[in-house]
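**Student:** Here this note's numbering is used: position 65 in the sequence shown is 160, and no number is missing along the way.
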Amino acid sequence: MTASTDLDTLADFFDRYGVALTTADVPAIAGCYALPGLVVADTYSFSFTSPAAVALSFVGAAPDYQERELVAAHALIEDVQQVSALLTEVAVRWEFLDSQGRAVPGERYRYLLRATDGGPAICTVIRTA
């Protein structure tokens with residue numbers, strides 16, 4: 096097993112993650128994370144050590160997606176760096192579609208992914224400018 100820098104593999108992973116986010120499929124979101132995991136932003140950081148903790152951290156995001164009527168997410172992969180034998184850092188700019196089919200700009204993130212038997216899994220998420 097080695098870290099994936101294959102764009103098709105990474106795109107498939109982020110497509111699955113984007114569907115989980117926009118459909119509020121919290122178990123599927125949790126399934127995209129390696130444990131323990133870490134989320135880092137300018138004003139806060141938090142970690143989680145169980146799928147339940149991942150799920151709880153995303154329960155609050157679901158109303159935001161629903162309020163903004165976001166129905167689809169697409170990850171534009173901007174950069175991929177192999178960090179080690181099992182780790183890959185991926186820079187992503189998210190784009191969303193609302194229920195009217197309009198493009199909604201999203202945020203940029205850096206994801207540290209670990210290669211697992213089931214495919215990539217998110218270890219760390221960093222919101223970037």
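By construction, the Cβ of each residue, glycine as well, lies at the ideal position given by its N, Cα and C atoms. All values reported here derive from a predicted model rather than from experimental measurement.
Measure the C-alpha to C-alpha separation of His169 and Phe108 and round it to an integer number of angstroms.
**Tutor:** In the sequence shown, residue 169 corresponds to position 74, counting from 1. In the sequence shown, residue 108 corresponds to position 13, counting from 1. Their Cα atoms are separated by approximately 11 Å.
**Student:** Return the CA-CA distance between Tyr112 and Ala180, expressed in angstroms with no decimal places.
**Tutor:** What you label residue 112 is simply residue 17 of the sequence shown in a count that begins at 1. What you label residue 180 is simply residue 85 of the sequence shown in a count that begins at 1. Approximately 23 Å, taken between the alpha carbons.
**Student:** Span of the beta strand (DSSP E) holding Arg205?
**Tutor:** By 1-based counting over the sequence shown, the position of residue 205 is 110. Its beta strand (DSSP E) spans residues 198-211.
**Student:** When we look at the beta-carbon of Leu208 and count the other beta-carbons within 10 Å, is it buried (16 or more) or exposed?
**Tutor:** Counting from one through the sequence shown, the residue named residue 208 turns up at place 113. Classification of Leu208: buried, given that the 10 Å Cβ count is 16 or more.
**Student:** Take the Cβ of Thr144 as the centre, count every other Cβ of all protein chains shown within 10 Å, and call the residue buried at 16 or more, exposed below.
**Tutor:** For this step, residue 144 is matched to residue 49 along the sequence shown. With fewer than 16 other Cβ atoms within 10 Å, it is exposed.
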